[in-house]
Each structure stands twice: as structure tokens, then as C-alpha cells.
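Residues are numbered in the working numbering as their position in the sequence shown, beginning at 1, plus a constant of 5. Note that beta-carbon positions come from the ideal geometry of N, C-alpha and C, so glycine has one too. Presented below is the structure to which this report refers.
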Amino acid sequence: MDTSTWYVIAIIIYMFTMLAIGYWSFKKTDEYDDYVLGGRGLHPFVAALSAGASDMSGWLLMGLPGALFLTGMSELWMAIGLLIGAWANWKFVAPRLRAYSEVAGNSITVPSFFENRLRDSSRVLRIVAALVIIFFFTFYVSSGMVSGGRYFESTFNGDYLTGMLIVAAVTVAYTFIGGFLAVSYTDVVQGLLMFGALMIVPALAIFSLEDPSAIFTYATENSYATGGVIDANPDYFNLIAGVSAAAIIGNAAWGLGYFGQPHIIVRFMALRNSADAKQGRFWGISWMFLSLVGAVFVALAGTVFFTQTDYSIVDQENFETIFLDMAQAMFHPLPAGLVLTAVLAAIMSTMSSQLLVVSSSLIEDLYKIVAKRDINQGVLINLSRTAVVAIAVLAAILAINPSDSILGLVGFAWAGFGAAFGPLVLLSLYWKRLNAPGGIAGMIVGAVVTIAWGMNETTSGWIYEIVPGFAASLIVTVAVTLMTKPPHAEVAAEFEKAEKLAKLSAKDENIDFEDAAEKV
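Right under this line is the structure:
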């Protein structure tokens, strides 16, 4: 059999595994809350790997190694910021949000939590939050489809559009069928695939070199990549030299985005109780740290591997295929195909999580408001499934002719959520005085500043748009809150109730969480 046939066999095995998990999840999903949030019974290990896999996406295996390979270790500030941000998210947001979302009307989406937390009877807060989710996630899902298309280009020398559509179709299928449980458990499989591939591929590439230690010096002294198209960079390994303070701050500021990512924090809402956040933090940060180390070594090994061998890099512009090209060069086609499925895993895990969050917002946060009536559980599930397909079609249209790199598309959406939702999430959990006018104003300003800054070539080239967006949102939220009436006493009482529930759960991991929520 030829190489492509082996790859196809490996991918078919993977695709059918994902669909099988989707079918299993379908049998476990009886009610709308199960489809959207898995009945709030997610094990911390599943939540951790699900959050990690849906967070890292295709850029961990493609976008990030490509950026490190092309620019140098100055891009490590991004990885450092992400690691710190993820740790802080699990530490400070996860336990409080799990408790507060239970107390605040059993909220099952991020927009519904905002509305219930701040008692916004106007529904403006919930509607605006849902629109922000739909807008930015459309770009985010589109980035996943771009990754899928480039995957097929590199792996099979195939057609970009065909590959994009295949990846999109299978992802939509298992998300459509199984909902939150399908997304979470496929993420676990996908997270383990990503982790294994990031450990194995760079290690084998390094040991295949005549002088493995050359990876720490080669790019500083020699032109590198296929045909030496990238000039030697004496500061390749220097985190500071040649890098502006704005660039360092901008890259590290990626960590701020964690507090506002709906597809990540919804995993916190699905935990069994607040105490699970501690175990989830251990698994999640361990997985993330080792995966980022693997991505760094993919880039380092690539500087020598693709210069001193006859193997070439398919993507000669952003160099986002170096992981794919390296895996194909070193393995027999069948194990290579299994390793390459890690990229599909990264792409599909993120897309499925995002599609589910968008469909939930469309139905739970927009349609149910317009309908103004009780809707049958089965109808709600079917409407959510329809929404999954609709958003996927729109994202696919945007991905047909991508105008930016994978990392660029991800960065725009990441900044949008971080600025619009990040300050609001933190203040909702830790500031009793916060009110609805402040929340609405801050969210809108954060989104607008991010979009305006990111679309302006002058400003976006100076510093990453999440920095001004997050700062503007935080300032406006606090200022408007202080200039308007404080929340009603019942809002303050609920805040204290959520705070108490989180503390009780932290002390007793075996506490009956729902019963405790009713008693505090």
C-alpha cells in the first residue's frame, strides 16, 4: 500500500472512534441540560483535559511551532503567559464559578450566568453576551477549519477545500449527536493524542540528528528551513534582545484571555462541585506545561532537521506545517498516520467545544428570550443541533479563502473574549458591588476596543489588542458601576451565599453540592 492509504486507514480509525463516542453520549443525553452541560457531573480529569484540548486547538501543533520556528524564542512569552493564565483560571475562577452558577438560578451558559448574577431584567446583558459569543466564535471555528484544510494539503498533497469540509463534517456530526458529553469525552481522547505526539515527534527528530545539541545553536549561526530561506537570527534564543517591551507584554497578555473564554469556563460550570477544581488544576496545568514544552522542541528540532536533511516544509509562508512534515519524514506511514491524527484531534476538539457554546447561546440566550414560552426539552435539543450546523456553515464560508494565519485568527477571537468577558467574570465572582449597567458597558467597550484595535494595522502591530481591550473593559465596568445605583440587597446576599458554598465545598470534598446550595 502507498503512504496515503496508510494515512487514510489511521484517520478512518480515529474518525469512527469520535463518532462512536458521539453515539455513546447520545444514549446518555435525555434532557436539554444534559446536551448543554452534561448534567453537571463532569469528572475533574475529564474537565481538565477537555478544557486543555479545546483551549490549545490546532495552533499548539501548527500555529505555535510555526511562530517559534520563524521568529525565535521571543514567542515564548506567549506560552509563559498562557501557562500562568490557565493556572490562575483554575485557581480563582473555577471553584467560585461552579458555586455561583449553581446558586444564581442554576445557570447553564455564560450569558445566563451574567444575567442571573446581576439581576438584569432588561435582558440586554444576556443578549449582548450571546452576540459577542456568536461573532468571535465564528472566527474561532473558522480558524479550526483552516487548520483542517492545511492538514490535508500537507498530509495528502490534497485539496484544501476538500480537507476542510471533511474535518468540519465529522466534527459537526459528533457534536450534533452527543452534545456536551460527546465534546468532553472526545476531548479526552484528543488531548491524550496531542500529548503523546508532542512527546514522541520532537524526541525522535532530535535523536535522528548527527549532533542533537545543535538545536540550541544552529538558528543563531546559519540560515535555516528548507533551502535556508530564513536568515540566521543571533537573538533566536534571547527572550528580550531585539524584542520591544510592547511585544513582550502583548505576548504574555495572552494569559489574560483565559478568564473570558466561554468554551473553557463552561467546563468549570460542569464540574461535580467546587472542590473538583483543585484536582482539575493539577491535571490541566501538568498536561499544558508538558505539551507546550513539546511544541517548543518541535520548533527547535525543525531548525536543524529541515536544513540538514532532504525533507521540505510544505508551508513556506507561516511554516505552520513543520510538525506534520516532521512526523511524515520519520515514521512508517501507519504510525505516522496515527501521530498525524493528533493534529486532527487538536483541531476538532476546539471546533466542537466552540460549536456547542455558540449553539447554546443561540438557543438558551436568544431564542428562548424571543419565544417567551416554555419549550419542550426535545425541541430545545433539536434546535441546538440545528444551530450547530448553521454556525459551521457560516464558519466554513469564511474559511474558504483564509486571509490570515491560524495564529492570527485564533488571536483575534481570543482577545475578543478575554477583553469582553474576562473583567466581567472576575468582578462577578469577587466584587459584591458590581451591577448590570457596569457589566453591560464594560463588555461592549471591551469588544469594541478589541475589534477596532485589531483591525487597525498601526495599533495591532504595536501591541496585542487584548491589552487595551481588557484594560478599557475593566476601567469602564468599575467606573460605570460606581456611578450608578448599587445592586439590590438580594444580589449581595446571593453573592455571600455563593462565597460560602465555595468555601464549604473546599473543606469537604464529599459534600452533597446541590443539597448544600439549598441550605447555605
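Determine the DSSP secondary structure at residue 229, reduced to helix, strand or coil.
-> Within the sequence shown, the letter at position 224 stands for residue 229. If DSSP states are grouped into helix, strand and coil, residue 229 belongs with the strands.
To the nearest angstrom, how far is it from the Cα of residue 448 to the Cα of residue 7?
-> Residue 448 sits at position 443 when you count from the first residue of the sequence shown. Residue 7 sits at position 2 when you count from the first residue of the sequence shown. Those two C-alpha atoms are separated by around 53 Å.
Over what stretch of residues does the alpha helix (DSSP H) that includes residue 82 continue unbroken?
-> Here residue 82 refers to the residue found at position 77 when the sequence shown is read from its first residue. Unbroken alpha helix (DSSP H) run through residue 82: 81 to 93.
So residue 42 packs on residue 274, CB below 8 Å; how close in whole Å?
-> Translated into the one-based positions of the sequence shown, residue 42 becomes position 37. Translated into the one-based positions of the sequence shown, residue 274 becomes position 269. About 6 Å separates the two Cβ atoms, so the contact holds.
Own chain, CB closer than 8 Å to residue 92, minus 5 neighbours either side, in chain order | As a working mapping, residue 92 is identified with position 87 in the sequence shown. Same-chain partners within the cutoff: 286, 290.
Put residue 235 into one of helix, strand or coil per three-state DSSP.
-> Position 230 of the sequence shown, counted from the first residue, corresponds to residue 235. Note: residue 235 maps to strand in three-state DSSP.
What residue does the alpha helix (DSSP H) around residue 268 start on, and which one ends it?
-> Taking the first residue of the sequence shown as position 1, residue 268 is located at position 263. Per DSSP, residue 268 belongs to the alpha helix (DSSP H) from 267 to 275.
Measuring CB to CB, does residue 391 end up less than 8 Å from residue 440?
-> Working through the sequence shown from its first residue, we reach residue 391 at position 386. Working through the sequence shown from its first residue, we reach residue 440 at position 435. Contact flag unset, no.
How many angstroms separate the CA atom of residue 591 from the CA atom of residue 108?
-> For the chain, the structure presents residues 6 to 525; residue 591 sits outside this window and is missing.
What three-state label does DSSP hand residue 214 in the structure shown?
-> Residue numbering aside, residue 214 sits at position 209 when the sequence shown is read from its first letter. The answer is coil: DSSP assigns residue 214 none of H, G, I, E or B.
Within its chain, find whatever has a CB closer than 8 Å to the CB of residue 5; leave out the 5 residues flanking it on each side and keep chain order.
-> The structure shown has nothing for residue 5, since the chain only spans 6 to 525.
Hey, is the region 195 to 213 in contact with the region 172 to 186, meaning 3+ C-beta pairs nearer than 8 Å?
-> no
Please report how far the alpha carbon of residue 308 lies from the alpha carbon of residue 446, in whole angstroms.
-> Along the sequence shown, read from residue 1 onward, the residue named residue 308 stands at position 303. Along the sequence shown, read from residue 1 onward, the residue named residue 446 stands at position 441. Whole-angstrom Cα-Cα distance: 47 Å.
Within 10 angstroms of its Cβ, does residue 128 collect 16 or more other Cβ (buried), or is it exposed?
-> Residue numbering aside, residue 128 sits at position 123 when the sequence shown is read from its first letter. That one is exposed.
Under three-state DSSP, which class holds residue 439?
-> Within the sequence shown, numbered from 1, the residue matching residue 439 stands at position 434. DSSP places residue 439 in coil when its eight states are reduced to three.
Would you list the residues sitting across from residue 47 in a DSSP beta bridge?
-> Position 42 of the sequence shown, counting from 1, holds the residue named residue 47. Paired residue(s): 276.
Rounded to whole angstroms, how far is the Cβ of residue 434 from the Cβ of residue 101, which I believe are closer than 8 Å?
-> On the sequence shown, position 429 is the one that residue 434 refers to. On the sequence shown, position 96 is the one that residue 101 refers to. Indeed, because the Cβ distance is near 4 Å, the residues count as touching under 8 Å.
DSSP three-state call for residue 491: helix, strand or coil?
-> If you number the sequence shown from 1, residue 491 lands on position 486. In the structure shown, residue 491 sits in coil (DSSP, three-state: anything other than H, G, I, E or B).
Quick one: which unbroken alpha helix (DSSP H) runs of 4-plus residues sit fully inside the region 442 to 509? Chain order, please.
-> 462 to 467, 471 to 488
Identify whether residue 109 lies in helix, strand or coil by the three-state DSSP scheme.
-> Numbered from 1 along the sequence shown, position 104 holds the residue referred to as residue 109. Note: residue 109 maps to coil in three-state DSSP.
Whole-number beta carbon distance between residue 64 and residue 301, since they are thought to touch under 8 Å = Numbered from its first residue, the sequence shown carries residue 301 at position 296. Numbered from its first residue, the sequence shown carries residue 64 at position 59. Not quite, the Cβ-Cβ distance comes to about 14 Å (not below 8 Å), so this is no contact.
In chain order, what residues of the same chain lie with their CB nearer than 7 Å to the CB of residue 299, ignoring the 5 residues before and after it?
-> Here residue 299 is taken as the residue at index 294 of the sequence shown, counted from 1. Excluding positions up to five away in sequence, the list reads 203, 204, 207.
Rounded straight-line distance, which links the Cα of residue 27 to that of residue 240 = Locating residue 240 in the sequence shown gives position 235, counting from the first residue. Locating residue 27 in the sequence shown gives position 22, counting from the first residue. Roughly 47 Å between the two C-alpha positions.
Of the choices 33, 235, 167, whose alpha-carbon is the least far from that of residue 46?
-> Within the sequence shown, numbered from 1, the residue matching residue 46 stands at position 41. Taking only the C-alpha atoms, the option nearest residue 46 is 33.
By Cβ distance below 8 Å, which residues in the same chain neighbour residue 131 in space, the five residues on each side in sequence not counted?
-> As a working mapping, residue 131 is identified with position 126 in the sequence shown. The residues are 116, 117, 119, 120, 125, 370, 374.
Identify, in the order they occur along the chain, each residue of the same chain with its Cβ nearer than 6 Å to the Cβ of residue 248, setting aside the five sequence neighbours on each side.
-> For this step, residue 248 is matched to residue 243 along the sequence shown. Counting only Cβ-Cβ distances below 6 Å, and skipping sequence neighbours, we find 79.
Limits of the alpha helix (DSSP H) - the one that residue 248 falls within = For the purposes of this step, residue 248 is taken as residue 243 along the sequence shown, with counting starting at 1. First-last for residue 248: undefined, no H or E at that position.
Residue 179 in three-state terms, based on DSSP = In the sequence shown, counting from the first residue as 1, residue 179 sits at position 174. It is helical.
Could you check where the alpha helix (DSSP H) with residue 355 kicks off and where it finishes?
-> In the sequence shown, the residue the question calls residue 355 occupies position 350. Run containing residue 355: 338 to 365, per the alpha helix (DSSP H) assignment.
Going straight from the alpha carbon of residue 347 to that of residue 499, what length do you get?
-> As a position in the sequence shown, residue 347 is number 342, starting the count at 1. As a position in the sequence shown, residue 499 is number 494, starting the count at 1. C-alpha separation (whole angstroms): 44 Å.
Compare the Cα-Cα distances from residue 320 to each of 221, 230, 141, 148 and report the closest residue.
-> Locating residue 320 in the sequence shown gives position 315, where the first residue counts as 1. The shortest C-alpha separation from residue 320 is found at 230.
With DSSP collapsed to three states, give me the class of residue 318.
-> To locate residue 318, count along the sequence shown from 1; it is residue 313. The answer is coil: DSSP assigns residue 318 none of H, G, I, E or B.
Specify, as a first and last residue, the run of the alpha helix (DSSP H) that residue 77 falls within.
-> The count along the sequence shown starts at 1 and reaches residue 77 at position 72. First-last for residue 77: undefined, no H or E at that position.
Per-residue burial, residue 234 [other beta carbons within 10 Å of its own, 16 or more giving buried] | Working through the sequence shown from its first residue, we reach residue 234 at position 229. Counting Cβ neighbours within 10 Å, residue 234 comes out exposed, since fewer than 16 surround it.
Spatial distance of residue 512 from residue 253 (CA atoms) | The sequence position of residue 512 within the sequence shown is 507, counting from 1. The sequence position of residue 253 within the sequence shown is 248, counting from 1. Whole-angstrom Cα-Cα distance: 39 Å.
Whole-number beta carbon distance between residue 281 and residue 49, since they are thought to touch under 8 Å | In the sequence shown, the residue the question calls residue 49 occupies position 44. In the sequence shown, the residue the question calls residue 281 occupies position 276. Indeed, because the Cβ distance is near 4 Å, the residues count as touching under 8 Å.
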